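Here's the structure, in structure tokens; my notes come after.
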Amino acid sequence: MSLGQRIRELRQAAGVTQSELGGPEFTKSFISLVERDRARPSVTTLRIIAQRLGTSMDSLLGAEGNLPETAAQSLLALSREALRRRELPYAERLLEMARFLADQHTLPEVTRETLLQQAHHAFLRERYDEAWVLLQDARALSETAQDGWRAGRALTMLGQIQLRRRNFPDAVDLLRAALAKLRRARAGRDPVRVEALITLGTCLVHMERTQEAIRRYEEASASTAAARNPALRGQALWGLGWAYRKLGDRPQARELLLEAKACMERAEELPDLMRILHNLGQVLLEEGRPADALRHFHHALRVMDRLGKPDRAAILTEIARAHLAEGRLEDALAFGERALQSARNVHDPLEQAEAQLLLARLYALTGRVRKAVALLKEALPAFRDRGMEARAAGVGRELGLLLQSRGAHAPAAALLALVAEARDRTAAPGGDAARRS
Numbered sequence: 000m001s002l003g004q005r006i007r008e009l010r011q012a013a014g015v016t017q018s019e020l021g022g023p024e025f026t027k028s029f030i031s032l033v034e035r036d037r038a039r040p041s042v043t044t045l046r047i048i049a050q051r052l053g054t055s056m057d058s059l060l061g062a063e064g065n066l067p068e069t070a071a072q073s074l075l076a077l078s079r080e081a082l083r084r085r086e087l088p089y090a091e092r093l094l095e096m097a098r099f100l101a102d103q104h105t106l107p108e109v110t111r112e113t114l115l116q117q118a119h120h121a122f123l124r125e126r127y128d129e130a131w132v133l134l135q136d137a138r139a140l141s142e143t144a145q146d147g148w149r150a151g152r153a154l155t156m157l158g159q160i161q162l163r164r165r166n167f168p169d170a171v172d173l174l175r176a177a178l179a180k181l182r183r184a185r186a187g188r189d190p191v192r193v194e195a196l197i198t199l200g201t202c203l204v205h206m207e208r209t210q211e212a213i214r215r216y217e218e219a220s221a222s223t224a225a226a227r228n229p230a231l232r233g234q235a236l237w238g239l240g241w242a243y244r245k246l247g248d249r250p251q252a253r254e255l256l257l258e259a260k261a262c263m264e265r266a267e268e269l270p271d272l273m274r275i276l277h278n279l280g281q282v283l284l285e286e287g288r289p290a291d292a293l294r295h296f297h298h299a300l301r302v303m304d305r306l307g308k309p310d311r312a313a314i315l316t317e318i319a320r321a322h323l324a325e326g327r328l329e330d331a332l333a334f335g336e337r338a339l340q341s342a343r344n345v346h347d348p349l350e351q352a353e354a355q356l357l358l359a360r361l362y363a364l365t366g367r368v369r370k371a372v373a374l375l376k377e378a379l380p381a382f383r384d385r386g387m388e389a390r391a392a393g394v395g396r397e398l399g400l401l402l403q404s405r406g407a408h409a410p411a412a413a414l415l416a417l418v419a420e421a422r423d424r425t426a427a428p429g430g431d432a433a434r435r436s
């Protein structure tokens with residue numbers, strides 16, 4: 000492979016245009032000549048190109064002087080594509096070969112990239128502890144090598160793991176650090192930066208900082224990387240739709256979610272399509288259309304069956320809510336109990352709390368007051384521990400008033416006292432809200 004072909008391959012793998020690679024120093028025409036081997040770049044030019052591609056000069060010159068590194072980089076390009084397509088066994092074999100070459104021939108850049116891709120592989124398999132260790136190693140090596148781009152990628156994935164673990168404040172800190180690192184590495188147009196913005200927006204919505212989340216999603220959706228990648232743009236639009244739904248603007252939310260759904264269908268991204276169907280069902284349910292909502296929820300479940308995903312608690316909880324809206328309390332109870340069991344099976348404390356809140360409401364409606372109160376008291380700490388005080392207080396107040404209306408005055412008073420305590424803690428100087436700001 001010639002030098003020009005190598006530069007073109009690395010540029011395309013990084014999702015960078017010829018104009019972006021050239022930057023202010025070189026024209027698009029010059030980069031085109033280099034990639035066609037009709038111009039010979041100087042050492043200074045090669046150094047700038049290597050920096051923008053997040054690689055080394057040795058890697059750029061690998062086809063002419065370093066066969067093991069060239070072979071390893073080719074394996075990593077193949078594994079990157081396999082991970083994108085969720086071809087996980089194939090990606091694992093490619094990464095094992097790349098790691099072998101890196102260890103045998105002391106290829107530090109290949110080692111850093113392999114660790115990052117192995118962490119991505121573990122993340123896709125939901126082996127978060129394994130991914131965490133790999134990312135910490137990749138981050139440490141990247142910091143030592145002053146490889147800001149890969150350090151930023153490691154921080155982004157660490158934030159994504161904390162999001163999956165529902166540790167929202169920790170995730171926000173990691174993602175902000177990732178964005179700062181990527182900015183210093185001049186990776187402003189990199190898809191990883193857009194992923195960090197979208198993940199940060201998601202954490203902020205969970206923490207009820209919705210306006211701030213919208214700004215992050217809008218920045219992501221307007222980026223050059225999102226314009227070139229329908230799946231990435233779909234994720235940003237999906238986040239915006241979710242945020243507008245949280246603000247109560249359901250028509251805007253529905254429009255954005257439908258646009259996001261079209262992006263995911265075009266990109267054939269089934270996992271994200273499943274979640275968007277879930278969110279569309281939620282909007283329809285809030286608009287008073289439970290039958291239409293159920294169609295979307297069951298469509299999402301069918302996609303989950305195709306993907307073999309076990310974490311169905313969120314969708315099962317929404318199906319229970321839709322049955323409740325239609326007045327079918329027994330069906331709602333059945334799906335609520337399935338949701339709670341599913342959340343426990345996958346150890347998801349937040350979805351477990353959501354199912355418990357719904358079941359508490361159903362138990363209160365059917366006269367099982369003591370069980371309702373016990374479930375609510377068990378659920379509320381899951382929200383408070385994740386910076387979701389307003390959510391905890393709102394649900395506690397709702398259930399307290401419901402119990403009061405049904406004559407259960409003592410349990411109602413206890414719950415409303417818990418709500419007042421949460422509100423006071425949130426408003427107090429130096430309280431949870433102040434520490435998170």
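Numbering (numbering that gives the first Met the number 0), first residue to last: 0 to 436. Idealized CB from N, CA, C, for every residue including glycine. Source: prediction; values computed, not measured.
Do residue j and residue i count as a contact pair if the criterion is CB distance below 8 Å?
| i | j | result |
| --- | --- | --- |
| Ala319 | Val282 | no |
| Ala186 | Trp148 | yes |
| Ala137 | Ala121 | no |
| Ala299 | Gly287 | no |
| Ala321 | Leu284 | yes |
| Ala313 | Glu350 | yes |
| Val109 | Ala118 | no |
| Ala371 | Ala354 | no |
| Gly386 | Phe167 | yes |
| Gln11 | Leu75 | no |
| Gly158 | Ala139 | no |
| Ala130 | Ile160 | yes |
| Thr198 | Leu236 | no |
| Thr316 | Leu379 | no |
| Leu181 | Gly200 | no |
| Pro348 | Ala381 | yes |
| Ala90 | Ala81 | yes |
| Leu361 | Leu323 | yes |
| Gly3 | Glu24 | no |
| Arg92 | Leu123 | no |
| Leu255 | Thr209 | no |
| Leu66 | Ser78 | no |
| Ala219 | Val191 | no |
| Ala195 | Thr155 | yes |
Could you give the DSSP three-state label for residue i: helix, strand or coil?
| i | result |
| --- | --- |
| Lys308 | coil |
| Phe25 | coil |
| Met387 | coil |
| Thr16 | coil |
| Gly429 | A caution first: Gly429 carries a pLDDT of 42, below 50, which makes its placement in the model unreliable, though a value can still be read off. Coil. |
| Gly280 | helix |
| Ala221 | coil |
| Met206 | coil |
| Gln145 | coil |
| Glu325 | coil |
| Glu125 | coil |
| Pro67 | helix |
| Arg434 | Confidence at Arg434 is low in this model, with a pLDDT of 30, below 50, so its placement is unreliable and the value that follows should be read with caution. Here Arg434 sits in helix by DSSP. |
| Glu397 | helix |
| Ala416 | helix |
| Thr43 | helix |
| Thr155 | helix |
| Asp189 | coil |
| Ala38 | coil |
| Arg164 | coil |
According to the neighbour-count rule (16 or more other Cβ atoms, all chains shown, within 10 Å of its Cβ), is residue i buried or exposed?
| i | result |
| --- | --- |
| Phe296 | buried |
| Asn344 | exposed |
| Asp189 | buried |
| Val132 | exposed |
| Ala179 | exposed |
| Gln234 | buried |
| Ala409 | exposed |
| Asp36 | exposed |
| His346 | exposed |
| Glu112 | buried |
| Thr26 | exposed |
| Arg265 | exposed |
| Phe307 | Residue 307 is actually Gly in this sequence, not Phe. Result: exposed. |
| Pro40 | buried |
| Arg311 | buried |
| Ala13 | buried |
Please look up how many angstroms separate the CB atoms of residue i and residue j, rounded, as I've assumed it's under 8 Å.
| i | j | result |
| --- | --- | --- |
| Ala144 | Pro107 | 6 Å |
| Ala38 | Leu45 | In fact, because the Cβ distance is near 12 Å, the residues do not count as touching under 8 Å. |
| Ala411 | Leu402 | 4 Å |
| Cys202 | Ala225 | Rounded, the Cβ-Cβ distance is 19 Å, inconsistent with contact. |
| Leu9 | Thr54 | 6 Å |
| Glu217 | Leu239 | 7 Å |
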